[in-house]
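Its first residue numbered 43, the sequence shown is counted upward by one per residue in my numbering. Here's the structure we're looking at; comments come further down.
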Amino acid sequence: MKLYRGINFGGYLSQCEHSLEHYRTFISKEDVKKVADLGFDHIRLPIDYEVLETKEGDEYLEGVAYINQFLLWCEEYNMDVVLDLHKAYGYDFNDAGDPFKNNLFSNEALQKRFVELWARMAQRYGNLNYVAFELLNEVVEEHVADEWNKLIDKAVDVIRKYAPNTPIIYGGIQWNSARTLKLLTKPEYDNIIFTFHMYEPLIFTHQKAPWIPNMPMDKTIDYPATMDYYKEVSKRIGYKGKDVIVSKCKEMGKPFLVEMIKEAVDKAKEAGVRLYCGEFGVIDRAPVEDTLRWYKDIFEVFKQFDIHAAVWSYKEMDFGVTDEHYAPIADELFEIMTK
Numbered sequence: 043m044k045l046y047r048g049i050n051f052g053g054y055l056s057q058c059e060h061s062l063e064h065y066r067t068f069i070s071k072e073d074v075k076k077v078a079d080l081g082f083d084h085i086r087l088p089i090d091y092e093v094l095e096t097k098e099g100d101e102y103l104e105g106v107a108y109i110n111q112f113l114l115w116c117e118e119y120n121m122d123v124v125l126d127l128h129k130a131y132g133y134d135f136n137d138a139g140d141p142f143k144n145n146l147f148s149n150e151a152l153q154k155r156f157v158e159l160w161a162r163m164a165q166r167y168g169n170l171n172y173v174a175f176e177l178l179n180e181v182v183e184e185h186v187a188d189e190w191n192k193l194i195d196k197a198v199d200v201i202r203k204y205a206p207n208t209p210i211i212y213g214g215i216q217w218n219s220a221r222t223l224k225l226l227t228k229p230e231y232d233n234i235i236f237t238f239h240m241y242e243p244l245i246f247t248h249q250k251a252p253w254i255p256n257m258p259m260d261k262t263i264d265y266p267a268t269m270d271y272y273k274e275v276s277k278r279i280g281y282k283g284k285d286v287i288v289s290k291c292k293e294m295g296k297p298f299l300v301e302m303i304k305e306a307v308d309k310a311k312e313a314g315v316r317l318y319c320g321e322f323g324v325i326d327r328a329p330v331e332d333t334l335r336w337y338k339d340i341f342e343v344f345k346q347f348d349i350h351a352a353v354w355s356y357k358e359m360d361f362g363v364t365d366e367h368y369a370p371i372a373d374e375l376f377e378i379m380t381k
């Protein structure tokens with residue numbers, strides 16, 4: 043599988059209104075053709091459990107049919123696909139820290155259900171040489187690192203029974219932070235890929251995002267800039283003004299991005315696995331020229347360390363790179379993303 047330069051189809055089968063009408067209308071075969079024509083080689087497809095199973099845990103065949111159709115489109119246009127379980131029954135990254143909603147790691151029945159879901163996925167799609175499996179989008183809580191490793195082992199074991207060669211992707215904790223890959227145990231199987239997400243510096247890539255606590259809605263953040271500037275503006279989103287940027291760099295730019303992912307690079311090398319950035323991007327509230335500069339820097343870093351990646355996201359979702367906000371830089375942006 044290539045999995046070199048990809049794009050997320052967020053909002054299609056995840057983080058959406060879960061209805062057959064939405065599945066039918068949000069993405070079409072023409073969208074797959076469009077990203078193929080732009081030069082992308084794969085699509086990361088986030089999928090919530092509601093598409094795959096009922097609340098009782100039975101397979102939801104009407105939802106699965108849309109995945110099957112999507113895969114046929116991708117096969118036609120020679121696109122690889124990462125099937126990413128974005129939300130599992132009992133785990134939603136939006137509910138971080140809520141023991142009643144996020145109880146996957148403390149509930150054996152839910153863990154059994156999680157593993158059984160992946161057994162079905164492996165039996166259904168393990169024979170497709172253009173498909174990879176991503177176990178779970180983002181694990182957030184710090185205290186579940188050991189439990190996550192144990193659940194990874196259970197899921198990988200069952201997948202390998204039915205899909206011995208399918209690439210399996212998973213990351214660390216704290217929203218797939220690059221710095222938490224060091225907490226993963228060394229894989230026992232081949233064709234494992236470690237993943238991380240890259241939205242640093244958050245104050246720039248998520249500026250004016252209403253879902254980030256304490257995010258200033260009245261301030262435009264520039265990129266690049268001095269580290270003093272970034273530390274000062276970032277204090278507004280830190281707990282009681284706590285620094286949220288810890289760096290040895292004097293400037294906010296490419297050296298900082300290298301610093302942020304270097305631990306992930308080292309860990310992947312030590313574990314003997316490929317490294318994949320499953321999400322990265324800049325919100326549609328950021329200045330477009332600064333956005334372009336950030337993308338240029340992050341792709342130079344990806345190339346420096348041979349990191350394969352999928353941008354977030356195709357359309358809408360506040361990050362849609364094909365939306366009107368990005369039109370002034372679109373040609374250069376897609377050239378950077380796909381070369």
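Think of the CB as a built atom: it goes at the ideal place given N, C-alpha and C, for glycine as much as any other residue.
When DSSP reads this structure, Phe112 sits in no beta bridge, so it has no partner. Glu104 is the residue among Val300, Glu104 and Phe238 whose C-alpha sits nearest the C-alpha of Leu62. In the structure shown, Asp373 adopts helical secondary structure according to DSSP, grouped into three states.
In the three-state reduction of the DSSP assignment, Gly105 falls in the helix class, which pools H, G and I. It is roughly 12 Å from the alpha-carbon of Asp90 to the alpha-carbon of Ile109. With contact defined as three or more Cβ pairs closer than 8 Å, the region 237-245 and the region 307-322 are in contact. About 11 Å separates the beta carbon of Val182 from that of Phe147, a gap too long to meet the 8 Å contact definition. Its chain contains Pro229, Ile234, Ile235 and Phe236 as the residues whose beta carbon lies nearer than 8 Å to that of Val315, once the 5 sequence neighbours on both sides are disregarded; these appear in chain order. At a Cβ-Cβ threshold of 8 Å, Val343 and Leu299 count as neighbours. Bridge partners of Thr237 according to DSSP: Gly213 and Tyr318. Secondary structure of Tyr119 (DSSP, three-state): coil. In the displayed model, Arg335 falls within a helix according to three-state DSSP.
In the three-state DSSP reduction, Tyr231 falls in the coil class, being neither helix nor strand. Cys116 is a Cβ neighbour of Ile85, given a cutoff of 8 Å. The Cβ neighbour count for Lys192, taken over all protein chains shown within 10 Å, is under 16; the residue is labelled exposed.
Taking 8 Å as the upper bound for CB-CB distance, Lys44 and Asp73 are not in contact here, some 19 Å apart. When only Cα atoms are considered, Lys71 and Trp354 end up about 19 Å apart. Per the coordinates, the alpha-carbon of Pro206 lies some 24 Å from the alpha-carbon of Glu118. If you compare the alpha carbons of Met294, Lys224 and Tyr131 with that of Asn145, the shortest gap goes to Tyr131. When only Cα atoms are considered, Glu176 and Asp326 end up about 27 Å apart.
Judged by DSSP in its simplified three-state form, His350 adopts strand.
DSSP, reduced to helix, strand and coil, places Leu225 within a helical segment of the structure shown. Counting only runs of 4+ residues, the alpha helix (DSSP H) found wholly inside the region 62-95 occupies 62-68, 71-80 and 91-94, in chain order. By the neighbour-count definition (other C-beta atoms within 10 Å, threshold 16), Tyr231 is an exposed residue. Three or more beta-carbon pairs separated by less than 8 Å are not found between the region 301-316 and the region 270-280, which leaves the two stretches without contact. Classified as buried, Asn179 has 16 or more neighbouring CB atoms from the shown chains inside 10 Å of its CB. Membership of Arg47 in the beta strand (DSSP E) is indicated by the continuous run Arg47 to Asn50.
Using a 10 angstroms sphere on the CB of Glu95, the tally of other CB atoms reaches 16 or more, which defines it as buried. Note on His128: 16 or more other CB atoms within 10 angstroms of its CB, so buried under the neighbour-count rule. Cβ-Cβ distances below 8 Å link Ile201 to Trp160, Ala161, Met163, Ala164, Gly168, Phe175, Thr208 and Ile210 in the same chain, with the five nearest sequence neighbours on each side left out; the list follows chain order. In the displayed model, Glu183 falls within coil according to three-state DSSP, outside both helix and strand. Secondary structure remark: continuous alpha helix (DSSP H) runs of at least 4 residues inside the region 253-302, in chain order: 269-276.
The criterion of a C-beta distance shorter than 8 Å is not satisfied by Asp360 and Ala220. Exclusion of the five residues before and after Tyr212 leaves Leu177 and Ile194 as the residues of its chain whose Cβ lies within less than 6 Å of its Cβ.
A Cβ-Cβ separation of about 7 Å places Val77 in contact with Tyr356 under the 8 Å criterion. Taking C-alpha positions only, Met294 is separated from Lys309 by approximately 24 Å.
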